[in-house]
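Numbering (full-length UniProt numbering), first residue to last: 1 to 180.
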């Protein structure tokens, strides 16, 4: 009688082995997704939404760290909190510099009355520039890392097939001429 392995394990009381999913840890927030979230926030404000409504609407599609900060700010503003308190950096969490810049910009806008949408657009452009520079640096680093193995493989071949025959030919001519 053939029995499936899961049935045998169940009858013997052996727990089912956990499947491991190989996921690489993400080093940080995706700068382009972060910039897109800032653009959505700026567009909501430009369309005339109140800051708390725009932050709540943006939090639904923003990257996790930005979404948490926007959701917290939107909730506190909806409850009537002062913008300086609503957009303050929570002491219990470490945030990346881009999220801190958004919170600082929102606090400044709340206290001085400056347009938040313009600053968000500039910050989004800055995030895109940083992403482009990071991509260029990664491509250059990959080019350097690729050149090493190629040099290790092609240099011996160049020496064996290019330089050794020339030296052997010259050595044969020198030895036949009687110079040595």
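Cβ coordinates follow ideal geometry from the N, Cα and C atoms, glycine included.
Since we're looking at a predicted model, the values are computed, not measured.
Look at the alpha carbon of residue i and the alpha carbon of residue j, and state the distance between them as a whole number of angstroms.
i	j	result
residue 121	residue 82	24 Å
residue 175	residue 167	12 Å
residue 86	residue 134	32 Å
residue 183	residue 38	Because the chain is modelled from 1 through 180, residue 183 falls outside the range shown and cannot be assessed.
residue 88	residue 107	7 Å
residue 42	residue 96	20 Å
residue 105	residue 90	15 Å
residue 144	residue 137	11 Å
residue 170	residue 158	17 Å
residue 139	residue 100	28 Å
residue 218	residue 132	The question about residue 218 has no answer, for the chain in this structure spans 1 to 180.
residue 161	residue 153	13 Å
residue 149	residue 142	12 Å
How about residue i and residue j: are their beta carbons less than 8 Å apart?
i	j	result
residue 117	residue 70	no
residue 110	residue 84	yes
residue 78	residue 52	yes
Can you tell which of the options has its C-alpha closest to the C-alpha of residue i?
i	options	result
residue 66	76, 55 and 75	55
residue 80	161, 50, 165 and 102	50
residue 93	136, 158, 140 and 68	68
residue 102	73, 140 and 112	73
residue 40	48, 58 and 75	58
residue 35	164, 178 and 63	63
residue 47	99, 115 and 172	115
Using 8 Å as the limit for Cβ to Cβ distance, is residue i near chain B?
i	result
residue 166	Judged by its chain identifiers, the structure shown contains no chain B, having just a single protein chain.
(message) So, does the region 111-130 touch the region 28-47, judging by three or more C-beta pairs under 8 Å?
(response) yes
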